[in-house]
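In the numbering used here, the protein residues as written are 563 to 1014.
C-beta atoms are modelled at their ideal positions from N, C-alpha and C, and glycine is treated no differently.
In what follows, a single structure is set out as structure tokens and then discussed.
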Amino acid sequence: MSEEGKRTGGSLPLLSQALRVFFISLAPFFVAGGLPLQAVCNIGVGRLLGHPLWGVSVSCSLGAVVSVFLICHNKDRTLKEGFKELSVRVRSGPFEWVALCPAVLGAFWIGAGIFVPPLTGFGPFYTAVVCGQISMSMLVDCTGIIWSPRKRVSIPQAIGAVLVVCGVLVFQLEGILSESMSMVPLIGLLAVALGAGCSLVVESTLTRRLSSSLGTPWRAVWFDFFFAAILATVAAVIVYPSPSAEGVGPLEFWKFVGGIFGVFVVAVGVIVPSYIGFVFTFSMQVLGQLVSSVLVDLFVAPFLLGVKPVPFTPLRAGGLSVVVVGVLCGMFADALVSFVSTGEGRRQKRLKSMAGDGGTGSDEDLKGRRCHSHGPSRVWRDSRTMSGEEVQSDRVPADGLGSSDHGQIPFRIDLGVSEKRENVVEGDGCLVQTEGDDVGGVWEPDEGTVRT
563 MSEEGKRTGG SLPLLSQALR VFFISLAPFF VAGGLPLQAV CNIGVGRLLG HPLWGVSVSC
623 SLGAVVSVFL ICHNKDRTLK EGFKELSVRV RSGPFEWVAL CPAVLGAFWI GAGIFVPPLT
683 GFGPFYTAVV CGQISMSMLV DCTGIIWSPR KRVSIPQAIG AVLVVCGVLV FQLEGILSES
743 MSMVPLIGLL AVALGAGCSL VVESTLTRRL SSSLGTPWRA VWFDFFFAAI LATVAAVIVY
803 PSPSAEGVGP LEFWKFVGGI FGVFVVAVGV IVPSYIGFVF TFSMQVLGQL VSSVLVDLFV
863 APFLLGVKPV PFTPLRAGGL SVVVVGVLCG MFADALVSFV STGEGRRQKR LKSMAGDGGT
923 GSDEDLKGRR CHSHGPSRVW RDSRTMSGEE VQSDRVPADG LGSSDHGQIP FRIDLGVSEK
983 RENVVEGDGC LVQTEGDDVG GVWEPDEGTV RT
């Protein structure tokens, strides 16, 4: 195969990898778009029933009911066997019981989304949540804590994560500046929002651990919502034992469907990070939330909650654009790193071919290699001895590969001007002079040049 064909063939796997990541990432994007709708629904239920905790209870209960239809789909392990395996695992280690706690984190997230935004505003709340999501997801990917597989976070992914946070900050800047709350309560509430963002990531990691015992992710999702519903209902009964249902009518039915969005958000957070990592999963969730929040602020919330529409200003458009750039950095990070690594691998392979059989392919293998050129004919000879034979090369083109009995010998073309000679071409392992007298040189790997 020609060098052109190799380069073309090598680019196809990178393209297919990027497309694979793109299609997988659509799941958290579209599913997370339902989170603003879930918040609207939960707030509406809390208003109808008299207290926000009942909104949390209804949301978690509906999630448990929806996911219960999916818990029996596993031919390898029955639900009874799954709970038996979970019991054995909990007793097998001192911290295995922590895997039973994602329900607490889920209830905390839903509750924070109902209680905090009315006090701080949605802008500061979601900015702190995003900071918590991105920072915790990077920590989980880098360290592999909480039984999560370690995934390398490349430099483009890290840059993309920072851009996502900065974009969200710009997107919500107008809302943040419009808040007039005193500093101390605001810092405390934003710390709660930051913890809520972290709890989403930790909930996903714990639910993944739970699913390995129960047999399927859907069983773990049901387990989370079932116990979160119990916790939220008990808390609601203690705080506000007599919910009012007088205002509930046929037209208010939509407010009770928020739990459906939560089921798929948790499920995506359990399944998708195995393929694209936590950092990129939650970056796509952030993008989905922002796009959805724009539509909710303009069309949904004014109609359903009676609030004023929030205009899509140039500042918000700029923030959303920065988030998109950050997400694209994360999306093509692996392909970019693979492309750079492939280029370095090809260079090392060419160096190895120059070093001969048994060479390591490093610059050190070229030390002491002598070469010289003859005038405009651009013929050069490698004077190093291989197995007692002197290697004689063919004509070297001005922009390609020279060939010899030991395979192709590559070199870079960098035209330079010296005080003594003009039109000198510097290559990997030799010095080729296109015009003038014969010259010779010795490769100096420490300096990266040919000493004449």
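- Where Cys663 is concerned, there is no enclosing alpha helix (DSSP H), because DSSP gives it neither an H nor an E.
- Between Val763 and Val828, the C-beta spacing is not below 8 Å.
- Taking all protein chains in view, the Cβ of Trp659 is surrounded by fewer than 16 other Cβ atoms within 10 Å, so the residue is classified as exposed.
- Contact annotation, Lys713 with Gly839: C-beta distance approximately 4 Å; criterion of less than 8 Å satisfied.
- Pairing Leu882 with Val872 gives a Cβ-Cβ distance that is not under 8 Å.
- Tyr802 sits in coil when the DSSP states are folded into three classes, being neither helix nor strand.
- Rounded to the nearest whole angstrom, the CA to CA distance from Ala661 to Leu756 is 22 Å.
- With a cut-off of 8 Å on Cβ pairs, the segment 589 to 605 is in contact with the segment 833 to 850, counting three or more such pairs.
- For Ser623, the uninterrupted alpha helix (DSSP H) run begins and ends at Pro614 to Ser629, by DSSP.
- Ala723 is the residue among Gly673, Ser716, Gly706 and Ala723 whose C-alpha sits nearest the C-alpha of Cys693.
- Sixteen is the threshold: since fewer than 16 other Cβ atoms of the shown chains lie within 10 Å of the Cβ of Val796, the residue is exposed.
- Membership of Phe657 in any alpha helix (DSSP H) is not indicated, and neither H nor E is assigned to it by DSSP.
- Measuring C-alpha to C-alpha distances from Leu597 to each of Pro864, Phe823 and Ala669 identifies Phe823 as the nearest.
- Taking 8 Å as the cut-off, the Cβ atoms of Leu793 and Cys663 do not count as close.
- Taking each of Glu643, Ile833, Leu857 and Phe874 in turn and checking the Cα distance to Phe733, the smallest one comes out for Phe874.
- Rounded to whole angstroms, Leu681 and Glu647 show a C-alpha spacing of 44 Å.
- In terms of Cα proximity to Gly821, the closest of Ile633, Cys634, Gly668 and Val650 is Gly668.
- Note that the segment 778 to 790 does not touch the segment 717 to 731; fewer than 3 beta-carbon pairs, one per stretch, sit closer than 8 Å.
- Around the beta carbon of Lys642, fewer than 16 other beta carbons lie within 10 angstroms, which makes this residue exposed.
- For Lys646, the secondary structure class from DSSP, reduced to helix, strand or coil, is helix.
- Between the alpha carbons of Val886 and Val799 lies a gap of roughly 43 Å.
- Contact between Gly625 and Gly777 is ruled out by a C-beta separation of about 19 Å, above the 8 Å threshold.
- The criterion of a C-beta distance shorter than 8 Å is satisfied by Ala758 and Ala674.
- In the same chain as Val583, and ignoring 5 residues on each side of it, the C-beta atoms closer than 6 Å to its own belong to Ile838 and Met893, in chain order.
- Where Gly824 is concerned, the enclosing alpha helix (DSSP H) starts and stops at Gly820 to Ile833.
- For Ile707, there is no enclosing alpha helix (DSSP H), as DSSP marks it with neither H nor E.
- From the listed residues Glu765, Val869, Val627 and Glu736, the smallest Cα separation to Ile707 is found for Glu765.
- Non-local C-beta neighbours of Pro864 in its own chain, meaning closer than 6 Å and more than five positions away in sequence, comprise Pro871, ordered along the chain.
- Comparing alpha-carbon positions, the option among Ser587, Val678 and Ser578 lying closest to Ile605 turns out to be Val678.
- DSSP places Ala807 outside both helix and strand once states are collapsed to three, so it counts as coil.
- If you check the CB distance, Val628 and Ile676 do not come in under 8 Å.
- Taking 8 Å as the cut-off, the Cβ atoms of Gly737 and Gly685 count as close.
- The C-alpha of Thr689 lies about 12 Å from the C-alpha of Leu751.
- Residue environment: Ala589 is assigned as buried (16 or more neighbouring CB atoms within 10 Å of its CB, all protein chains considered).
- Under the 10 Å beta carbon count, Cys760 is surrounded by 16 or more other beta carbons and is classified as buried.
- Between Val889 and Ser699, the C-beta spacing is not below 8 Å.
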